[in-house]
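Heads up, the sequence shown is in the UniProt record's numbering, so the first residue is 1 and it goes up one at a time.
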Amino acid sequence: MKPQRGKTPRKFPRQNSQPKDPVEVYCRIRPPDDPNIETCVKLLDERTVQISPSENSQAYKNGVYKETQYAFKYVFDEYVSQKAVFDTVASPLVEDLLRGKNGLMFTYGVTGSGKTYTMTGKPSDPGTLVRSLDMIFNSISSVQAKKYVFMPDKMNGYDVQTEADAMVERQKRDVMPRFDAPRTPATPKNSKKTEFGDAPRITDPSRVNDIEEDNNYAVFVSYIEIYNNYIYDLLEELPYDPITGYRAPNSKILREDGDRSMYVSNCTEVEVKSAEEAFDVLLKGQKRRKVAHTALNTESSRSHSVFNIRLVQAPLDPLGEEVLQDKSRVCSSQLALVDLAGSERLVRTNNVGDRLREAGNINQSLMALRACMDALRENQLLGANKMVPYRDSKLTHLFKNYFDGEGKVRMIVTVNPAAKEYDETVQVMRFAEVTQEVQVARPQQVQFDYGLAKGRRRMNQQYKEAMTKMGEEGSTSQKTLAYSMGPSFPALQLLDPSDESVIVPLIQFLAEREMRRNTLITDLNSKSRIHAQSLLDPSDESVIVPLIQFLAEREMRRNTLITDLNSKFDQFRAQLLKTEKENMDLRHRNDELENLLGKRDNSFERVEKKLRSLQKSHDQLERKNTQFENMKRELETELNEKDWKILREKSERERMKSEFKSKMVLTQQHMEDQLEKEKRKIEEEAEAQLWQRERTLQALKSIIDSNEIDTPTQPPAKAPRRGPAVAPKPRYMTSTIASRVQTKSDQDLRYTGRTPKPATRSGRTYGPKATERRAPSPPPKGSQPVYNPKAHRRSKSSHEVWLEHKPAGTIELDTVLQPNLRKKKSVSKLEVKDTMTASKYILQHQEQASDGEMQTKLYKANVVPTAGGGASVVFNDVETLRQISPGTRKRRSPQPKAEDFEGQWTDTEDRCAVALEGHATKRSKFSGV
Numbered sequence: 001m002k003p004q005r006g007k008t009p010r011k012f013p014r015q016n017s018q019p020k021d022p023v024e025v026y027c028r029i030r031p032p033d034d035p036n037i038e039t040c041v042k043l044l045d046e047r048t049v050q051i052s053p054s055e056n057s058q059a060y061k062n063g064v065y066k067e068t069q070y071a072f073k074y075v076f077d078e079y080v081s082q083k084a085v086f087d088t089v090a091s092p093l094v095e096d097l098l099r100g101k102n103g104l105m106f107t108y109g110v111t112g113s114g115k116t117y118t119m120t121g122k123p124s125d126p127g128t129l130v131r132s133l134d135m136i137f138n139s140i141s142s143v144q145a146k147k148y149v150f151m152p153d154k155m156n157g158y159d160v161q162t163e164a165d166a167m168v169e170r171q172k173r174d175v176m177p178r179f180d181a182p183r184t185p186a187t188p189k190n191s192k193k194t195e196f197g198d199a200p201r202i203t204d205p206s207r208v209n210d211i212e213e214d215n216n217y218a219v220f221v222s223y224i225e226i227y228n229n230y231i232y233d234l235l236e237e238l239p240y241d242p243i244t245g246y247r248a249p250n251s252k253i254l255r256e257d258g259d260r261s262m263y264v265s266n267c268t269e270v271e272v273k274s275a276e277e278a279f280d281v282l283l284k285g286q287k288r289r290k291v292a293h294t295a296l297n298t299e300s301s302r303s304h305s306v307f308n309i310r311l312v313q314a315p316l317d318p319l320g321e322e323v324l325q326d327k328s329r330v331c332s333s334q335l336a337l338v339d340l341a342g343s344e345r346l347v348r349t350n351n352v353g354d355r356l357r358e359a360g361n362i363n364q365s366l367m368a369l370r371a372c373m374d375a376l377r378e379n380q381l382l383g384a385n386k387m388v389p390y391r392d393s394k395l396t397h398l399f400k401n402y403f404d405g406e407g408k409v410r411m412i413v414t415v416n417p418a419a420k421e422y423d424e425t426v427q428v429m430r431f432a433e434v435t436q437e438v439q440v441a442r443p444q445q446v447q448f449d450y451g452l453a454k455g456r457r458r459m460n461q462q463y464k465e466a467m468t469k470m471g472e473e474g475s476t477s478q479k480t481l482a483y484s485m486g487p488s489f490p491a492l493q494l495l496d497p498s499d500e501s502v503i504v505p506l507i508q509f510l511a512e513r514e515m516r517r518n519t520l521i522t523d524l525n526s527k528s529r530i531h532a533q534s535l536l537d538p539s540d541e542s543v544i545v546p547l548i549q550f551l552a553e554r555e556m557r558r559n560t561l562i563t564d565l566n567s568k569f570d571q572f573r574a575q576l577l578k579t580e581k582e583n584m585d586l587r588h589r590n591d592e593l594e595n596l597l598g599k600r601d602n603s604f605e606r607v608e609k610k611l612r613s614l615q616k617s618h619d620q621l622e623r624k625n626t627q628f629e630n631m632k633r634e635l636e637t638e639l640n641e642k643d644w645k646i647l648r649e650k651s652e653r654e655r656m657k658s659e660f661k662s663k664m665v666l667t668q669q670h671m672e673d674q675l676e677k678e679k680r681k682i683e684e685e686a687e688a689q690l691w692q693r694e695r696t697l698q699a700l701k702s703i704i705d706s707n708e709i710d711t712p713t714q715p716p717a718k719a720p721r722r723g724p725a726v727a728p729k730p731r732y733m734t735s736t737i738a739s740r741v742q743t744k745s746d747q748d749l750r751y752t753g754r755t756p757k758p759a760t761r762s763g764r765t766y767g768p769k770a771t772e773r774r775a776p777s778p779p780p781k782g783s784q785p786v787y788n789p790k791a792h793r794r795s796k797s798s799h800e801v802w803l804e805h806k807p808a809g810t811i812e813l814d815t816v817l818q819p820n821l822r823k824k825k826s827v828s829k830l831e832v833k834d835t836m837t838a839s840k841y842i843l844q845h846q847e848q849a850s851d852g853e854m855q856t857k858l859y860k861a862n863v864v865p866t867a868g869g870g871a872s873v874v875f876n877d878v879e880t881l882r883q884i885s886p887g888t889r890k891r892r893s894p895q896p897k898a899e900d901f902e903g904q905w906t907d908t909e910d911r912c913a914v915a916l917e918g919h920a921t922k923r924s925k926f927s928g929v
């Protein structure tokens, strides 16, 4: 009957009553490369660590300043030995392996955190993998089966064969190896690997004592790697061609066996008989493992390695001589030791090419592992039925059976305490925190009770030793008659009392066995009677007398021996009591010494822990002191620089102050000169304005006296002009009156308010004191629009269109007398297009009179089309509207005075100072003439 393996059927949901255990996660802190560097990991107690963000970390830059604590099954500090890690983590897994249970242990962490060192170690201090091999062979050294008794069946199982077949297989493979199939030549050895392999190795003395002694054991090892999500066999014999060299290894595939357990198809399994052989196989596989130099690690693992240890055991036959030839009785258990590749970030490694692709596949497989853990935790905590994505990666697909309840799972998280590793360390801690919440079904105890007698091996060994001793003494005693009861009981399994297929063969076998037993008893009785008759005849005295003498001497010798035995037994008993008493005294003394030693060890451990903590505090204080010294030097340097900058700025300010004073003196002198010039200029302009006002007053006086505003007058004498003579033109009043007051219409009527300066001729100034009454008119500026006032006919009042120009800010007056304009268009800003449809123009201007009252002036003009297609505005009338306060009783002259007109009388050329023309090309809106 096949032994119970503790497997949970996958076709049916697991029962809630089945006990479960969480995944046990351990943390190991790597010693820092430099004791003076800043660290981000702090050990609080044996189960808790604290992570603090560094100032250069990305989390600190994002505003994460808080410290985080994480709990583990156990935390190993940087001073822990490899032996302590093995005894705590891997030793229980090896004990379960010897008892038929499966186990999985893997190391996880960032690159360069000590994962490979924890797994393999070094010759002077081996890691968990090497110590596990030592412990296995120390436990089964006396109960190993001979080589090739167990043979892999290539389907994740094992066949069993007899000793004779195993001997033939040994001669075939070891004594007379086949030479027709070439083996792989020796791989060029790496110096570091050779040094590690040839160095003397320290073995671990650990062992398990209470193993099943009536079983035979065999150990098979395999070594694979998962590189770029492909599985490669590191122990595969590769053919070698002298021309092409080694053939590239082929990737392996995953398959399911009859129990739906995952395994690597066609993977090489090597049977080893000692820890040294297993260690040589490990070194052989490590030489082929993918490693490369990166920016973070000189020998960075570029793949996930899996070293699988399979322990095969089967019971001995009833005689304790050979392994029972029944494949169903073979029990195999395995321990998978996984060294995961470290997670990497591109911003730190700057990998390109193959290294970049390798890092991407490593990170992807680790993310798939984390996704499986998240899904398992969610299904267990929330009762969800979410599918676990095992098939997203070969790593998770290979070990899915462990998470489904086929063995114990343990993980060692390795941490680099350097502050620069904070961002990656936090991600590792979060993954460990999630993994601890995953529950794995507890494997059941494997039963090896097959109904055979206990101690078969020991009895067989004692029998062989007795037979060997008898052969050495030359005993001639007759061999004991051996009887056979026929073949052994058939391998039948009775599950139902009414199962005739089992009951009938068993009854026939027992009937035949009963008949054979009766035959043997009859034969034995007959042979015994014949033998006794041949030896003893009551009438033969030649035989009876010597026999009686021999028996009497034998009786005397027996009594003597009994007496001597009793005396010696009493002496031995007394000696034994004395020895026992001494032993008890020694035990008490030993217990006292052990207690004292334990107390001393505890005190030593406390002192060592205190010493380590003080040393750590001392190192931290030294680092802080060094940082403070550096900060002090930096601050002193910064202070000196600031003092120097202050002195330089002070001297610069003094220099700028002196320069400013000198510039102020120069500027003041320059301003005084400019003011003096402006003063003279203003005086000259005032004189010219007074002269111009006098001329205007004289012109107004002459107009008032003549009482003919529209009658043309002869202009004063002027200088002769070149060109044809022009007929006298009527004299009009220009808009000089409006230009004297600064209004908003100045921009619309350019050149209408031009104030003429005193004319100069031959360097002589003509002003009010000159002999001549008025100066000649200035020459026309620019091109003048050509129009014929005689050809222009005034339209009737009913057809007149007025263009009323009211500048912005004009105040509406509620006077009785208002301008009556039937057809008008009011604008606040004069445009060219406004004059094209108007025949009359009126400008409204408001100002304060000399007596302080408000007056409104209306400047009226005719809009005359020009020859160029434009329009000319000719002013011909001014109306003044004034309002007087009722309290004023001042009498006014009925005739206007000269002060009421601020303009001047000019000839026709000056009166036509504004014209509007329309041309195809873009020109100024107003042209002065």
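We put the CB at the ideal spot given by N, CA and C, even for glycine.
Exercise. Have a look at Pro19 and Met119 and give me their C-alpha separation to the nearest angstrom.
Key: Here residue 19 corresponds to residue number 19 of the sequence shown, with the count starting at 1. Here residue 119 corresponds to residue number 119 of the sequence shown, with the count starting at 1. Using only the alpha carbons, I get a separation of about 30 Å.
Are the CB atoms of Glu46 and Glu163 nearer to each other than 7 Å?
-> Position 46 of the sequence shown, counted from the first residue, corresponds to residue 46. Position 163 of the sequence shown, counted from the first residue, corresponds to residue 163. Not closer than 7 Å, so no.
Item to check | Run of the beta strand (DSSP E) containing Pro865, from where it starts to where it stops | outcome: Position 865 of the sequence shown, counted from the first residue, corresponds to residue 865. Residues Met854 to Pro865.
- Item | Inter-stretch contact at 8 Å, needing at least 3 Cβ pairs: the region 136 to 150 / the region 263 to 278 | Taking 8 Å as the limit for Cβ pairs, the verdict is that the region 263 to 278 does touch the region 136 to 150.
Checklist entry - Start and end of the beta strand (DSSP E) containing Asp233? => result Walking along the sequence shown from the start, residue 233 turns up at place 233. Tyr230 to Asp233 is the span of the beta strand (DSSP E), which, as asked, contains Asp233.
**Report entry** Unbroken beta strand (DSSP E) run spanning Gln69, endpoints
**Finding:** On the sequence shown, residue 69 is found 69 positions in, with the first residue counted as 1. For Gln69, the enclosing beta strand (DSSP E) covers residues Thr68 to Ala71.
- Among Asp326, Lys61, Asp77 and Ala59, which has the Cα closest to the Cα of Val49? If you number the sequence shown from 1, residue 49 lands on position 49. The alpha carbon of Val49 has as its nearest neighbour, out of Asp326, Lys61, Asp77 and Ala59, the alpha carbon of Asp77.
(request) Could you tell me the boundaries of the alpha helix (DSSP H) in which Asn361 lies? (result) One-based indexing of the sequence shown puts residue 361 at position 361. Asp354 to Leu382 is the span of the alpha helix (DSSP H), which, as asked, contains Asn361.
Check: If we count Cβ pairs, one from each stretch, closer than 8 Å, do we get three or more for the region 403 to 413 versus the region 19 to 28?
Finding: Yes, they touch.
| message | Using C-beta distances below 6 Å, list every residue in its chain close to Val726, excluding the 5 sequence neighbours before and after it, in chain order. | response | Locating residue 726 in the sequence shown gives position 726, counting from the first residue. Because the pLDDT of Val726 is 40, which lies under 50, any placement of that residue in the model is unreliable, and the number read from its coordinates should be weighed accordingly. Result list for Val726: empty, nothing under 6 Å.
Between which two residues does the alpha helix (DSSP H) holding Leu282 run?
Locating residue 282 in the sequence shown gives position 282, counting from the first residue. Ala275 to Arg288 is the extent of the alpha helix (DSSP H) around Leu282.
| task | Please list the segments of the beta strand (DSSP E) lying wholly inside the region 29 to 69, counting only runs of 3 or more residues, in order along the chain. | result | The region 29 to 69 contains these whole beta strand (DSSP E) runs: 41 to 43 and 48 to 51.
- Item | Close beta carbons around Leu821, own chain, < 7 Å, minus the five adjacent residues each side | Within the sequence shown, the letter at position 821 stands for residue 821. Sequence-distant partners of Leu821 (beyond 5 residues in either direction) whose C-beta falls short of 7 Å from its own C-beta, in its chain, are Trp802 and Glu804.
key: Candidates Thr88, Ile51 and Ala59, of which the one nearest Tyr70 by Cα   = As a first step, residue 70 must be located in the sequence shown, where it is residue number 70. With distances taken between Cα atoms, Tyr70 lies closest to Ile51.
| message | On a Cα-Cα basis, can you pick out the residue from Arg882, Leu98, Lys860 and Thr107 that is closest to Ala432? | response | Sequence index remark: in the sequence shown, residue 432 carries index 432 (1-based). The candidate whose alpha carbon is nearest that of Ala432 is Thr107.
- Could you name the residues of the same chain whose beta carbon sits closer than 6 Å to that of His304, not counting the 5 residues immediately before and after it, in chain order? One-based indexing of the sequence shown puts residue 304 at position 304. Counting only Cβ-Cβ distances below 6 Å, and skipping sequence neighbours, we find Ile226, Leu340, Ala341 and Leu395.
Among the residues of its own chain, which have a CB less than 8 Å from the CB of Val64, if the five just before and after it don't count? Counted from its first residue, the sequence shown places residue 64 at position 64. Counting only Cβ-Cβ distances below 8 Å, and skipping sequence neighbours, we find Pro53.
Quiz prompt | Helix, strand or coil at Phe448 according to DSSP, with G and I counted as helix | solution = Locating residue 448 in the sequence shown gives position 448, counting from the first residue. Coil at Phe448, not helix or strand.
With a threshold of 8 Å on Cβ separation, who are the neighbours of Phe179 within its own chain once the five nearest residues in sequence on each side are excluded? Counting from 1 along the sequence shown, the entry for residue 179 is found at position 179. Reliability fails at Phe179, whose pLDDT of 43 lies under 50, so the model's placement of it is uncertain and the value that follows must be treated cautiously. Result list for Phe179: empty, nothing under 8 Å.
Alpha carbon to alpha carbon, how far is Lys663 from His670? As a working note, residue 663 is residue 663 in the sequence shown. As a working note, residue 670 is residue 670 in the sequence shown. Note on geometry: alpha-carbon atoms of Lys663 and His670 lie some 10 Å from one another.
C-alpha distance - Leu813 paired with Glu831, whole-angstrom precision | By 1-based counting over the sequence shown, the position of residue 813 is 813. By 1-based counting over the sequence shown, the position of residue 831 is 831. Roughly 26 Å between the two C-alpha positions.
- Own chain, CB closer than 6 Å to Ser206, minus 5 neighbours either side, in chain order: For the purposes of this step, residue 206 is identified with residue 206 of the sequence shown, where counting begins at 1. Excluding sequence neighbours, Ser206 sits near Met135.
Quiz item: If you draw a straight line from the C-alpha of Ser702 to the C-alpha of Lys681, how long is it?
Solution: Counting from 1 along the sequence shown, the entry for residue 702 is found at position 702. Counting from 1 along the sequence shown, the entry for residue 681 is found at position 681. Put simply, the backbone Cα of Ser702 is about 32 Å away from that of Lys681.
Taking a contact to mean a Cβ-Cβ separation below 7 Å, would you say residue 931 touches Val94 in this structure? Past the edges of the chain, shown from 1 to 929, lies residue 931, and the structure says nothing about it.
Tell me whether the beta-carbon of Arg30 lies closer than 7 Å to the beta-carbon of Asn416.
-> The residue labelled residue 30 in the question sits at position 30 within the sequence shown. The residue labelled residue 416 in the question sits at position 416 within the sequence shown. In this structure, Asn416 lies closer than 7 Å to Arg30 by Cβ.
Go through its chain and collect everything with a Cβ distance to Val138's Cβ below 6 Å, but skip five positions before and after it.
Here the question's residue 138 lines up with position 138 in the sequence shown. What sits at residue 138 in the sequence shown is Asn, not Val. Arg207, listed in sequence order.
Exercise. May I ask you to report which of helix, strand or coil DSSP gives Thr107?
Key: As a working mapping, residue 107 is identified with position 107 in the sequence shown. Thr107 falls in the strand class under three-state DSSP.
Worksheet item: alpha helix (DSSP H) containing Arg131: first to last residue?
Response: Sequence index remark: in the sequence shown, residue 131 carries index 131 (1-based). Where Arg131 is concerned, the enclosing alpha helix (DSSP H) stretches over Thr128 to Ile140.
* **C-alpha gap between Ala59 and Thr39, whole angstroms** => By 1-based counting over the sequence shown, the position of residue 59 is 59. By 1-based counting over the sequence shown, the position of residue 39 is 39. Taking the straight line joining both Cα atoms gives about 15 Å.
For this session: With DSSP collapsed to three states, give me the class of Lys20.
Result: On the sequence shown, position 20 is the one that residue 20 refers to. Correct three-state label for Lys20: strand.
- According to DSSP, is Ala699 helix, strand or coil? Numbered from its first residue, the sequence shown carries residue 699 at position 699. Taken through DSSP and simplified to helix, strand or coil, Ala699 comes out as helix.
Checklist entry - For Asp877, does the three-state DSSP call read helix, strand or coil? => result Along the sequence shown, read from residue 1 onward, the residue named residue 877 stands at position 877. Strand, per DSSP.
Between the Cα of Tyr232 and the Cα atoms of Gln286, Pro242, Ile211 and Arg260, which residue gives the shortest distance?
-> Here residue 232 is taken as the residue at index 232 of the sequence shown, counted from 1. It is Gln286.
Item checked: N-terminal and C-terminal residue of the alpha helix (DSSP H) that Gln436 is part of -> On the sequence shown, position 436 is the one that residue 436 refers to. For Gln436, the enclosing alpha helix (DSSP H) begins and ends at Tyr422 to Gln436.
Beta-carbon proximity of Asp257 to Asn156, cut-off 7 Å: Locating residue 257 in the sequence shown gives position 257, where the first residue counts as 1. Locating residue 156 in the sequence shown gives position 156, where the first residue counts as 1. By the CB criterion at 7 Å, Asp257 and Asn156 fall inside the cutoff.
Suppose you measure from the CA of Ser301 to the CA of Lys290; what does that come to, to the nearest Å? Start at 1 with the first residue of the sequence shown, and residue 301 comes out as number 301. Start at 1 with the first residue of the sequence shown, and residue 290 comes out as number 290. Roughly 6 Å separates the two Cα atoms.
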